[in-house]
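*Asks:* Sharing a structure, written as structure tokens. Questions coming.
Protein chains in written order, with this note's numbering: chain Z, 1 to 108; chain L, 109 to 221.
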């Protein structure tokens with residue numbers, strides 16, 4: 001079955017800097033790659049997703065890139081703000097297989 | 109606005125008890141999922157259902173069963189609760205066949221003593 005690896009497990013950045021979270025997957029048939037954000041004490045919520053026919057997708061300060069050949073995809077957050085502090089999960093396949101999460105801390 | 113609700117936010121049960129966790133969604137979604145979330149392990153899929161009366165095992169189904177008698181309701185059952193089932197349980201739903209956004213419930217924190 002699918003296996004998703006996510007790195008790093010924790011990430012601290014200064015406010016205004018960029019943050020990058022990387023994931024790799026094992027099943028070359030996977031074609032859907034969402035990212036979820038979970039704030040402390042709250043439920044995970046979708047922030048952006050990408051399908052295998054697209055290499056990059058952007059939504060304001062967040063972007064996701066996908067390299068199907070290398071089987072990895074990344075989340076990029078620019079101009080980070082304190083409210084970006086949360087745990088971020090990547091996922092792949094249907095039904096979704098999640099990575100173990102990255103705790104992002106944005107230091108004001 | 110999609111709403112996924114779970115029957116309890118916190119639950120404390122004793123070892124060996126039968127436990128029912130209920131999930132209800134109000135958006136007529138075909139697909140429903142049960143995950144458990146543990147620190148450092150992410151979200152792991154227990155069971156899922158793509159239709160009424162249908163169920164499929166996820167990655168960690170041992171010790172659990174599910175029931176989906178109505179489209180809007182998906183129940184997770186712990187036949188005989190054990191301490192290693194202490195966890196946060198999250199229900200989710202999504203639309204149709206294919207790959208679509210999953211909407212999560214608020215979670216049930218289950219403690220088995």
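Note that the Cβ used here is the ideal one computed from N, Cα and C, for glycine as well.
1) Who does residue 139 of chain L pair with in a DSSP beta bridge?
2) Between L:203, L:208 and L:209, which has its C-alpha nearest residue 180 of chain L's C-alpha?
3) Since residue 146 of chain L sits in a beta bridge, which residues does DSSP pair it with?
4) What does the Cβ neighbour count give for residue 81 of chain Z, buried or exposed, with the cut at 16 atoms within 10 Å?
5) What's the call for residue 149 of chain L, buried or exposed, on a 16-neighbour Cβ count within 10 Å?
6) What span of residues does the beta strand (DSSP E) with residue 22 of chain Z cover, start to end?
7) Could you confirm whether any beta carbon from chain L is found closer than 8 Å to the beta carbon of residue 89 of chain Z?
8) By alpha-carbon positions, which one of Z:23, Z:29, Z:68 and Z:47 ends up nearest to residue 60 of chain Z?
9) Verify the CB distance criterion: does residue 44 of chain Z have a CB-CB separation below 8 Å to chain L?
10) Are three or more beta carbon pairs between the segment 122-142 of chain L and the segment 36-44 of chain Z nearer than 8 Å?
11) Since residue 108 of chain Z contacts residue 39 of chain Z with CB under 8 Å, what's their CB separation in whole angstroms?
12) How would you label residue 112 of chain L, buried or exposed, when you count the other beta carbons within 10 angstroms and need 16 or more for buried?
13) For residue 29 of chain Z, count neighbouring Cβ atoms within 10 angstroms of its own Cβ and tell me buried if that reaches 16, exposed if not.
14) Tell me the residue span of the beta strand (DSSP E) that contains residue 177 of chain L.
15) Please report whether the beta-carbon of residue 95 of chain Z lies at a distance below 8 Å from any beta-carbon of chain L.
*Replies:* Short version:
1) L:202
2) L:203
3) L:150
4) exposed
5) exposed
6) 19-25
7) yes
8) Z:47
9) yes
10) no
11) The Cβ separation is near 16 Å, so there is no contact.
12) buried
13) exposed
14) 172-178
15) yes
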